[in-house]
Every structure is written in structure tokens, then in C-alpha cells.
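Residue numbers (this note's numbering): 418 to 588. Glycine included, C-beta positions come from ideal geometry on N, C-alpha and C.
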């Protein structure tokens, strides 16, 4: 049951003006490059394929089921859950809950079903992730190649220190 993104985030995690201020860039020649670095940093961290294992900005992910049963949210920080039949008609024959492994939905009745999980990181965690993205973008902006004359350019240690406490590991 691989989740599929049905509603991507509507806004960037870190706006261009904030990134430019962090980089001390006061010209527009590199705007597209900086935006691309922000997108790559978010993709590295965010959602199903990201190393955080959680959604940064609000987004909706769908899991499809052929039969009744229990499904776990692929992410923590669930904002809402909608269950519908294959035509998209809302259903009410389901139970949701949270336990030590996260949020789950138990669906009854005849399938197939679609379960939409809308998830977003809490406001308390966002400043940490915003700073991690700024550090990663700055690193990539300053070190545009993997190997530079002085040696290999790896991500700053502060980046790992910021993201490790907010990573979500599912079992």
C-alpha cells in the first residue's frame, strides 16, 4: 500500500526572500538557482521519500484499499482523515485512533476504499526544519560541486543535529 500524493503543498517551506537574506544575496541573478536548491532540500527531507518521514507543509496522501481493514497513516502529524468509496463518495463506516505507532483508520463495509490523510508538521517543529533547509541551501549555494579544491564538501554538522530529533521512524 504505497501512498500517493493527491494534494501537494501550496507554498514553499522557506520563501525566497528569507533564503536570500540568509545567504546575504541582494541581487536577483541567482533567484532561480536558490529556488531550485530550496526545492531540492525540501524533497530531500519531506514526505514519503524524504529522510524526515513526515510532511513539512500541509499535503494530502491517499492509500487505496480493496477490502475492509486497518490502515496506518504513512506519516505522523495527521490533520484530517477522509474515507471514501472508489467513486469518491464520502463514507462514515470507519474508526480512527492513535496508538504508540501513530494514527490508524479501521474501515468496515464493502471495498474498494480510498483513505486520504492530510498531514502537516506542527508549528513547534517548523523553525527547526526552516533553519535546516536554510543551512542546506547555503551549503549547496557555496559549494556547487561535490568535490572542491580543499576536499569533499559535506553537509554541515548542524544540519544533522537539527533534523535528527524530528525524524519519524515507522515500524
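Identity of the residue in the options nearest residue i by Cα
{"i": "residue 448", "options": "558, 585, 461, 578", "result": "558"}
{"i": "residue 427", "options": "467, 540, 496, 475", "result": "475"}
{"i": "residue 471", "options": "480, 481, 460", "result": "460"}
{"i": "residue 424", "options": "536, 585, 502, 528", "result": "536"}
{"i": "residue 422", "options": "480, 502, 539", "result": "480"}
Length of the line joining the Cα atoms of residue i and residue j
{"i": "residue 549", "j": "residue 531", "result": "34 Å"}
{"i": "residue 465", "j": "residue 492", "result": "8 Å"}
{"i": "residue 520", "j": "residue 489", "result": "6 Å"}
{"i": "residue 390", "j": "residue 497", "result": "The structure shown does not extend to residue 390, since the chain is modelled only from 418 to 588, so the question has no answer here."}
{"i": "residue 556", "j": "residue 431", "result": "15 Å"}
{"i": "residue 534", "j": "residue 581", "result": "24 Å"}
{"i": "residue 505", "j": "residue 541", "result": "34 Å"}
{"i": "residue 478", "j": "residue 440", "result": "33 Å"}
{"i": "residue 583", "j": "residue 467", "result": "12 Å"}
{"i": "residue 503", "j": "residue 438", "result": "47 Å"}
{"i": "residue 453", "j": "residue 445", "result": "14 Å"}
{"i": "residue 585", "j": "residue 443", "result": "36 Å"}
{"i": "residue 539", "j": "residue 573", "result": "25 Å"}
{"i": "residue 514", "j": "residue 577", "result": "32 Å"}
Close Cβ partners of residue i (< 6 Å) along its chain, the five nearest in sequence each way excluded
{"i": "residue 621", "result": "Outside the displayed range of the chain (418 to 588) lies residue 621, so it cannot be described from this structure."}
{"i": "residue 418", "result": "480"}
Integer-rounded CB distance, given that residue j should sit under 8 Å from residue i
{"i": "residue 545", "j": "residue 579", "result": "5 Å"}
{"i": "residue 528", "j": "residue 482", "result": "6 Å"}
{"i": "residue 495", "j": "residue 508", "result": "Actually they are not in contact, since the Cβ atoms of residue 495 and residue 508 sit about 17 Å apart, beyond 8 Å."}
7 Å Cβ shell around residue i - same chain, five flanking residues per side excluded
{"i": "residue 436", "result": "451, 455, 551, 554"}
{"i": "residue 575", "result": "552"}
{"i": "residue 420", "result": "465, 478, 479, 480, 491"}
Sequence-distant residues of its chain with Cβ nearer than 8 Å to residue i (five each side left out)
{"i": "residue 486", "result": "523, 524"}
Cβ-heavy atom distance, residue i to the ligand GTP, below 7 Å
{"i": "residue 474", "result": "Summarising the ligand content, the structure contains no ligands, and the ligand GTP is consequently not present."}
* To do: Would you mind listing the alpha helix (DSSP H) stretches within the segment 444-519 that are 4+ residues and don't spill past its ends, in chain order?
  => The DSSP assignment places complete alpha helix (DSSP H) segments of no fewer than 4 residues inside the segment 444-519 at 448-462, in order along the chain.
* Asked: What beta strand (DSSP E) runs, 3 residues minimum, are completely inside the segment 514-559?
  -> 519-524, 530-536
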